[in-house]
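Numbering-wise, the working numbering comes out as the position in the sequence shown, counting from 1, plus 4.
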Amino acid sequence: MSLVDSQSPVLLEKVVELINKKVPSSQAHLVADFAKRLYRNIASDDLTNRHDSDMYGAVLGLWHSFNEYKSGDKALIKVYNPEVPTDGWESPHTIIEIIQSDMPFMVDSVRMALARLGITSHLLLHMPLSHKRDNNGQVTELQKPGTRSNDNYVDTVFLIEIDRQTSQKEIKTLKSELVSVMEEISLAVQDWQSMRSRLQVVSEQLSNDYYPGSKKEKKEIQRFLQWLANDNFTLTGYRSYELTPVKGDYELKQVKDSSLGLMKNSVSDKGRMDSSLPEDAREITQNDRLLLLTKTNSKSRVHRPAYSDYIGVKRFNEKGEVVGEDRFIGLYSANFYNNSARDIPLVSEKISRVLEMSGFAPQSHAAKALLNILETYPRDEIVQAEEDDLLTVGLGVLQMQERDMTRAFLRRDIFGRFMSCMVYVPKERYNTLLRQRTQSVLARTLKTEYDVDFTTYFSESSLARTHYTVRLSQDHQDVNVKELEQNLIEAARTWEDNFERILQSTFGEANATRLNKRYATAFPRAYKEDVLPSVAISDIKQLESLNDEHKLGMVLYRAQEEKDDSKHLHLKLFHKDEPIHLSDVLPMLENFGLRVIGESPYQIKTADGDVYWVLDFHMLHTAGSLNLEESRETFQEAFALVWNGKLEDDGFNRLVLGAGMNGRQATILRMFAKYMRQIGTTFSQSYIESTFSKYPLLAKLVVKMFYSKFEPGTKGAEKKIEALHTRINTELDNVANLDDDRIIRRYVELIDAALRTNFFQQDEQGNDKPYISVKFLPELVPEMPLPLPKFEIFVYSPRVEGVHLRGGKVARGGLRWSDRREDFRTEVLGLVKAQQVKNTVIVPVGAKGGFICKALPEDREGMMTEGKECYKTFIRALLDITDNIVEGEIVPPKDVVRHDEDDSYLVVAADKGTATFSDIANGISAEYNFWLGDAFASGGSVGYDHKKMGITARGAWESVKRHFREMGIDCQTTDFTCVAVGDMGGDVFGNGMLLSKHTRLQAAFNHLHIFIDPEPNAAKSWEERDRLFKMPRSSWDDYNRDLISKGGGIFSRSAKAIELTPEIKKMLGTQKKSMTPNELIKACLTMEVDLIWNGGIGTYVKGKAETDSDVGDRANDALRVNGRDLNAKIIGEGGNLGFTQLGRIEFAQKGGRVNTDFVDNVGGVDCSDNEVNIKILLNGLVNNGDLTKKQRDKLLYDMTDDVAKIVLDDCNRQTQSISVTALRGTDQVKEYQRFIHHLEREHALNRQLEFLPDDDELVERQAAN
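Written as structure tokens, this is what we have:
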């Protein structure tokens, strides 16, 4: 925004105040007026960050220069960097001051000079000043703008701020350029009237000239010259030449004193011989062409930065011979370019003749179209070109209309100094890149060392026209226009053109047409700038292969620019519908040993609405050398498996590229690492990964050993394994780090201990199974945690992991859905230890299994669905490597190499989290045609439902009743207080809390809530618990709070703190005002109460000498209390592992009544065993046809109560036996001691592991009675 007609800024007012204050009063008013005029049109933005003192200094300096200048002299030019010490002001820019008598062209010419030197102007102020001076040349009056008289002067002042010039050489060069420009302006302006008069005279003299050509042509030229003289040509120079014969040659020489304007700068008395001119120029000099119209070979430095126009008018003698030339230089005015072609002499006639030459009927469409082409054609070209050339161009352009083609039309100027190149392309093709390519092609073809000038013209036509002017070298040869045009066509060929062409050659016309419609506008600009069309064709093949089932495609490649051994790689990913997130991909690539150093994402939108994403990763392979051809397929397969969750995303994947393994081979090492973690290795998985990354050869040898041992059909397996042992031991000598050595040796030990695997089995579709199971003989594995099971199966997949431990060939036990991902085997090992004791009354030894789900959804429904799928995988993995019995004969599993004896007895049961899964297991048993049928898993729809029977809780309640009875209390008729672990949705908790209507449940907790009822009503609370038990998936939050006694409530375990009511304080025996949820649970566990009933999951009581890490249940570390701190009278262990053995001992030593979990909850195991044995018996009858399946099922159902009675009788008698033994007390210590010694000799007992007292402690206990 300028300041014209607006309020004067305060800053300018302050400048005027400084002038009035500091400048002598005689000059102050003049300087103030000067300042106001100078800054009148300055933009407000240009005043930002300026200081009044600096503006004052600039004005005063310019004023002094203005006063110093003598009007009519050469321009006064100053270029300097103002500084306060020397100039009284400063500026970050270099300052230019110019004072010059007012004349045209100065502003444009100054700007052009700065542009030529590549200098940016930050402020350019200029104004013509009408003024008067005294006899000493000092300014005495500033007059009204525009005033001109004989007694005043009009000078123009410039104040310019430019890029700071730091060296005196730069300042000197700039000043020299400005001085030269101002001199040229002066020459042109001073002689302008003389040159104009001379042009008029030359025009008039044509009437009496001896021109041998037609009078009509002469008249045309005469009108054209007169039109130019009428201010339609800006004259900058003139000279007259004479042509005289000299000894077989002609000499062209300047006429003395004829030079005007800029021609004065090149006056010479030396002529130029005609023979020294180029051939084209010699021909022009001698022929009878009257008017010469072309361009000079230098750009104008005045008015416009264009090549100066050359107008030459020949003179002839009486013989019609050329004797001289009048030469004018300058620039055509705006009228020449803007007026209608019909209004310009010579131009109008030329166009008419071209139209006539075309043969088109007047007013026809073709004639009108040709006229439009000519009228919009560059005027310089019309006046300079021959009519034949114009017709060729016009017809050529006419033929191009609405066609996708490129044409070039070349014309050399009459002296051979320039080539005019008119290039037409479809408008949509034109862009800066095409223009630059065309300039490059023209410069290369025409062998010029100069810049190629261009002017582009757009109209309503479908074509874009660019006029290129090429200055030619002296040795220029003829041009093959067709070849040039072909090169220009190639330059104009777009990415889309090449894409369509390659598409046709690749897919054929029909498919190419379809694909082109689909992808023509699909690729974004960034993609086309980065990717070659040929590569895009390859990408389309990938995109076309994607669908809803197969959404990811990929290509691992090395850029053509890279050497074959380069570590720089590219991975291009193709994905359908959704973008690929970097946070998902980068860790995967890092785990493959690829460090991402760049990424280019592209969104591809097809014409039919499909959306694809292409990501091109530039990566560095961090491991050793890589043979890409050998590794590409294995990497791509492995990456796809990782992406789809079928292969884990971890550092073992580095072996795919680092050791040449495929993804499944790397899984062998991963599987063993997972197992090692469960059996208590001290090394983390990442450390194990790094070991094999450092020693890829050893990784391959370990995998090879596994293959040699278990791949079906391997010949000479034993010798191969022995040889591999030797080779590995030899290679281990080169391993410097002891930890790395131990890790690799542990792998070898595990393979040696492995007996079977399903690794080489395939599914019905012929694909590798997505899970692996391996059977081990634990006694062959050093440092295995005790107790040692006889057999162990480890199951691994990206989705699920699990173990199944068996004490012997004939063993059974439940399968648990564990939530202890880090140490689920520790949990299962503790359970199997208890199971061994439970099974003493049924089968010889016990078994136990457990699995964890590795990718559980957040929602409950999704979690349950995933849990079932993981359970199915676990069951299949166990059956995959278990022998079957068909018609009494052992049938080994398919594609399993066995290194052990026949092993067909595998029976499972329900446990925590799998209570309703028995039908699933039996369904898989049927799928495998397993000999046990639905005896494989007890319970289920055709079996004994433990929760419905309440058999586990009822069996444990036999222990509770005996404890109470031995205290003289009948808990079935007498109220008693209780604290419990669990909720009514659970089997053991729910059934247990309904076995006596006299249970006064004061406190209970699960993983979500804490239930407190300080003074419960036994009858009403029993009814409410019964309601919750019957409600599917109930929680404590569903409990009717109106039935809770005063002061009680249901509290969330996620609460920050819980306020304690007086009633709760009384119940807990505390004075605290509030507790955290964990503190409240601990207080409940240690409160005075008759019974603690464990019907939940977790270990909550330990011995004082034990640490939480010894317990191995991290989830409940914050809740755990010591056995000695319990104030309950009785412990009922309906659930497993609620107490450590030392915790029980501490509790018992202070007078508490407790058995163990493996005694209390034996009912479920006993019931399952009865069911399995009954089914095995009855299934034999069914198979022999003696019993139908329906009859068998009815018989099983009818026996439910009988089986329950048998089980409860076992439970009762077992507790009775313990009580009787305990009653005999110290009398039997010696007998116990002999029995312990016997078991130790048979290696059936580890006294330390079972926390049994040694002989000395037994003697001490006996002495203390």
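Glycine is no exception: its CB is placed at the ideal position from the N, C-alpha and C atoms.
| message | Please classify residue 1201 as buried or exposed, where buried requires at least 16 other C-beta atoms within 10 Å of its C-beta. | response | exposed
| Exposed or buried, residue 412, counting other C-beta atoms within 10 Å across all chains shown (16 or more means buried)? | buried
| Is it a yes or a no for the region 92–104 touching the region 57–74, going by three-plus beta-carbon pairs under 8 Å? | yes
| First and last residue of the uninterrupted alpha helix (DSSP H) at residue 515 | 499–523
| Own chain residues within Cβ distance below 7 Å of residue 1001, not counting five before or after | 1022, 1023, 1026
| field | Rounded separation between residue 855 and residue 807 - CA only | value | 7 Å
| request: Tell me whether residue 1079 sits in a helix, a strand or coil according to DSSP, three-state version. | output: strand
| query | If we ignore side chains and look at the alpha-carbon of each, how far apart do residue 231 and residue 349 end up? | reply | 7 Å
| query | Per DSSP, what kind of secondary structure is residue 431 in: helix, strand or coil? | reply | helix
| Exposed or buried, residue 9, counting other C-beta atoms within 10 Å across all chains shown (16 or more means buried)? | Confidence at residue 9 is low in this model, with a pLDDT of 41, below 50, so its placement is unreliable and the value that follows should be read with caution. When all chains shown are included, residue 9 counts as exposed.
| said: Taking only three categories from DSSP, how would you classify residue 273? | reply: coil
| query | With burial defined as no fewer than 16 other Cβ atoms inside 10 Å of the residue's Cβ, what is the status of residue 710: buried or exposed? | reply | buried
| field | residue 1250 (DSSP reduced to helix, strand or coil) | value | coil
| said: My output table needs one value for residue 55: the three-state DSSP class, helix, strand or coil. | reply: coil
| request: Counting only the same chain and skipping the five closest in sequence on each side, list residues whose C-beta sits under 7 Å from that of residue 506. | output: 537, 538, 541
| Per DSSP, what kind of secondary structure is residue 249 in: helix, strand or coil? | strand
| task | Any chance you could list the beta strand (DSSP E) runs of at least 3 consecutive residues sitting entirely within the region 751–827, in chain order? | result | 758–761, 776–780, 795–800, 804–810, 815–821
| Quick one: what does DSSP say residue 1055 is sitting in, helix, strand or coil? | strand
| said: In chain order, what are the residue ranges of uninterrupted beta strand (DSSP E) at least 3 long that sit wholly in the region 837–917? | reply: 849–857, 888–890, 893–895, 911–913
| request: Please name the residue in 791, 1188, 457, 427 whose C-alpha comes closest to that of residue 486. | output: 427
| request: Indicate whether residue 820 and residue 918 have their beta-carbon atoms separated by less than 9 Å. | output: yes
| Segment limits, alpha helix (DSSP H) that includes residue 342 | 338–342
| task | Would you mind sorting residue 1218 into buried or exposed? The rule is 16 or more other CB atoms within 10 Å of its CB. | result | buried
| task | Quick one: residues in its chain with C-beta nearer than 8 Å to the C-beta of residue 1243, no 5 flanking neighbours on either side, listed in chain order? | result | 1249
| field | Residue span of the alpha helix (DSSP H) that contains residue 662, given as start and end | value | 658–662
| task | Within 10 angstroms of the Cβ of residue 473, are there 16 or more other Cβ atoms? Answer buried if so, exposed if not. | result | buried
| query | Residue range of the beta strand (DSSP E) that residue 462 falls in? | reply | 457–462
| task | Give, in chain order, every unbroken run of the alpha helix (DSSP H) that is at least 4 residues long and sits entirely within the region 1107–1193. | result | 1112–1115, 1145–1153, 1161–1164, 1166–1187
| field | CA-to-CA distance, residue 1175 to residue 621, given in whole angstroms | value | 60 Å
| said: At the level of alpha carbons, what is the spacing between residue 1037 and residue 991? | reply: 11 Å
| request: Buried or exposed for residue 894, please, with buried defined as at least 16 other CB atoms from any protein chain shown within 10 angstroms of its CB. | output: exposed
| message | Quick check: what's the CA-CA separation for residue 1136 versus residue 803? | response | 36 Å
| Start and end residues, beta strand (DSSP E) containing residue 680 | No beta strand (DSSP E) contains residue 680, which is instead part of the alpha helix (DSSP H) from 667–682.
| What separation, rounded to the nearest whole angstrom, lies between the Cα atoms of residue 241 and residue 268? | 8 Å
| field | Segments assigned alpha helix (DSSP H), at least 4 residues, entirely inside the region 30–81 | value | 56–72
| message | Pop quiz: residue 575 and residue 592 are said to be a contact at Cβ under 8 Å. What is the actual Cβ separation, rounded to whole angstroms? | response | About 10 Å; that fails the 8 Å criterion.
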